[in-house]
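Q: Residue numbers (UniProt numbering): 1 to 177.
The C-beta atom is built at its ideal place from N, Cα and C for all residues, glycine as well.
Since this is a predicted model, take the numbers as computed values, not measurements.
1. Check whether the segment 138-154 touches the segment 87-94, counting contact only when three or more Cβ pairs, one atom from each stretch, lie closer than 8 Å.
2. Per the contact definition of three or more C-beta pairs closer than 8 Å, is the segment 72-84 in contact with the segment 55-63?
3. Is the segment 66-76 close to the segment 123-135, with three or more CB pairs under 8 Å?
4. Can you look up residue 97 in the DSSP assignment and give me helix, strand or coil?
5. I need the DSSP call for residue 45, collapsed to helix, strand or coil.
6. In whole angstroms, give me the CA-to-CA distance for residue 137 and residue 126.
7. What do you reckon, are the CB atoms on residue 84 and residue 149 nearer than 8 Å?
8. So residue 96 packs on residue 151, CB below 8 Å; how close in whole Å?
9. Is the beta carbon of residue 44 sitting closer than 8 Å to the one on residue 65?
10. Between which two residues does the beta strand (DSSP E) carrying residue 88 extend?
11. Going by C-alpha to C-alpha distance, which of 159, 122 and 158 sits closest to residue 110?
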């Protein structure tokens with residue numbers, strides 16, 4: 001496993017960011033990074049709804065992300081950790097849907113909803129939020145954002161919102177707010 005570690009520049013604060021691998025073979029190696037963390041930012045590439053895992057062609061990549069999100073939300077070790085989910089690659093999702101690929105073909109529970117990026121993102125936002133609510137060991141906040149990381153202006157604004165949300169949660173827990 002390779003974990004990328006970086007420090008985010010923010011005046012007066014040190015943010016240590018770990019990027020841990022996502023393939024099934026390295027998931028057990030994540031555990032050492034979970035101790036004393038303030039927040040998890042989970043990237044769910046929603047454009048991969050029509051793709052399969054390289055290491056197991058029987059598993060849909062989007063459903064794998066949903067399963068990982070459920071497992072992370074359920075982990076007691078993370079019961080006080082702020083959960084942030086980026087529904088990422090919305091631009092690629094839109095391109096696929098606009099080309100005629102039907103979301104419900106790969107995600108049958110989507111049903112007969114409109115096959116548009118906005119409707120699919122809303123469906124997935126609700127799905128990830130519901131999983132968080134149902135599987136969290138304790139009540140805690142979750143922030144779910146639709147993102148296109150290649151859109152640097154919007155991503156910068158989203159990251160500012162994330163930073164502010166994490167800081168507010170930290171202050172609330174410290175009983176400052």
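A: Taking the coordinates as given:
1. yes
2. no
3. yes
4. DSSP places residue 97 in helix when its eight states are reduced to three.
5. strand
6. 19 Å
7. Not closer than 8 Å, so no.
8. At roughly 17 Å, the Cβ-Cβ gap does not stay under 8 Å, so residue 96 and residue 151 are not in contact.
9. At a Cβ-Cβ threshold of 8 Å, residue 44 and residue 65 count as neighbours.
10. 82-88
11. 122
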